[in-house]
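In my numbering, the protein residues as written are -16 to 388. All residues carry an ideal CB built from backbone N, CA and C; glycine is no exception. First up is the structure itself, then whatever we jot down about it.
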């Protein structure tokens, strides 16, 4: 800024106007009422932007689009995924950029040394899907308390060979030396799946009934869910697997090939972990609508195929559905009223970062500073309650030192 004040040969009118404004400020004249504002729209808007972002309330420059024509997810036409609504919970600005303004993230091309996590997950899903589908078509699914046979173990090996070879031919597996290690490890996880699956079926007396059950896709109608206030949402998705219990219950299973640690807080009392996870209620309602009656008991599970076969989930109880409606209402209210502040992750070094809060890869410092200022706006209270921010604030007030005394 100092160099602009001393500028004697400006490159253009904008540079000249900014230099003159800085000289006025140096002489003690107020910037906000400068005559130059009326003569230079760009300069005036820049001042408004800076002043707006300094205020302890949301403005049109940092996420308050009240009165703007923001498309509602409850417009009766939009078909939603769980991930889309979870994006608003994670960072409302990311939702605005991705789903309203259609601003995508530019990912730099890079050479992966080994298979990516996404491709590894897809590969595991394809193997399990083929294996269960073949046994459903051949009517060879074992009884709940019966283990998979030797020939079925052999068939899983053959499917692994075929799918692994296909992934190699598509150039998805990275360097051969690394793939040799990665493929052996993935194969062991898929073999262990048969042991885990037998234990699961025996414990819950369930039998696989369907795989890749889609709704809102492949010509199938969406799940229509009506909120208590009458607004309706249309959902799409693809359920990895649906089991039927001996008692007629439905068990919805979503395979995961990552670690279970991000999901450990999920339970019947905290089914969405502050709005972050909406898949299980959506999938459970869709499966119930497709193959059962409204009063059929439904259980939803994340199955961590590559993390010791762990299961995390909850029943689709009345308490869970009430909480589900509360979360959805908060999300839809926030979108419809135009609330899109940037909320960067607390520590982007761990977990999932936000590309929109860190567009240049230089860190989320500015976005974090803005959130710390804007979060006190009363408009954000429902959102902060959803994400647990108000609870954390109360805990800090009670125990500012963070000790257990």
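Drop a sphere of 10 angstroms on the beta-carbon of residue 28, count the other beta-carbons inside from all chains shown, and report buried for 16 or more, exposed for fewer.
exposed
Please tell me whether residue 110 and residue 161 are closer than 8 Å, where the distance is taken between their beta carbons.
no
Cα-Cα separation between residue 352 and residue 346, rounded to whole angstroms:
12 Å
Of the listed residues 40, 22 and 18, nearest to residue 356 (C-alpha basis):
40
I'd like to confirm the pairing. Which residues does DSSP put opposite residue 298 in its beta bridges?
282
Only counting the same chain, and skipping five residues up and downstream in sequence, which positions put a Cβ closer than 7 Å to that of residue 104?
240
Could you have a look at residue 345 and say whether DSSP puts it in helix, strand or coil?
coil
Taking just the CA atoms, how far does residue 294 sit from residue 248?
12 Å
Under 7 Å: does the beta carbon of residue 263 sit that close to some heavy atom of the ligand SAH?
No copy of the ligand SAH appears in this structure; indeed no ligand is present at all.
How should residue 15 be labelled, buried or exposed, when 16 other C-beta atoms within 10 angstroms of its C-beta is the threshold for buried?
exposed
Taking the C-alpha atoms as reference points, what is the distance between residue 350 and residue 192?
47 Å
Whole angstroms are fine: how far does the CA of residue 329 sit from the CA of residue 354?
11 Å
Take the Cβ of residue 283 as the centre, count every other Cβ of all protein chains shown within 10 Å, and call the residue buried at 16 or more, exposed below.
buried
For a quick check, are the C-beta atoms of residue 19 and residue 26 less than 8 Å apart?
yes
Excluding sequence positions up to five away, which residues of its chain have a Cβ less than 6 Å from the Cβ of residue 115?
191 and 194
DSSP three-state label for residue 216, please.
strand
Which same chain residues end up closer than 7 Å to residue 141 when comparing Cβ atoms and leaving out the 5 residues on each side of it in sequence?
none
List, from N- to C-terminal side, the alpha helix (DSSP H) runs of 4 residues or more that fit wholly inside the stretch 150 to 210.
159 to 187
Residues of its chain near residue 300, where Cβ-Cβ distance is below 8 Å and the 5 sequence neighbours each way are ignored:
251
Tell me whether residue 226 sits in a helix, a strand or coil according to DSSP, three-state version.
strand
Strand pairing of residue 293, partner residues [DSSP]:
287
Can you tell which of 196, 155, 212 and 137 has the C-alpha that lies nearest to the C-alpha of residue 390?
Any answer about residue 390 is impossible in this case: the structure gives the chain only from -16 up to 388.
Three-state secondary structure (DSSP) of residue 97
strand
Complete alpha helix (DSSP H) runs within the stretch 88 to 148 (minimum length 4 residues, chain order)
100 to 120
Residues bridged to residue 314 (per DSSP):
Looking at the DSSP assignment, residue 314 forms no beta bridge with any residue, so it has no partner.
Residue 60: which of 204, 122 and 189 sits nearest, CA to CA?
204
In angstroms with no decimal places, state the Cα-to-Cα distance between residue 152 and residue 219.
31 Å
When you compare each of 8, 36 and 268 to residue 360 by their alpha carbons, which one comes out closest?
36
Mind reading off the beta-carbon distance from residue 53 to residue 318? Whole number of angstroms is fine, and I expect it under 8 Å.
6 Å
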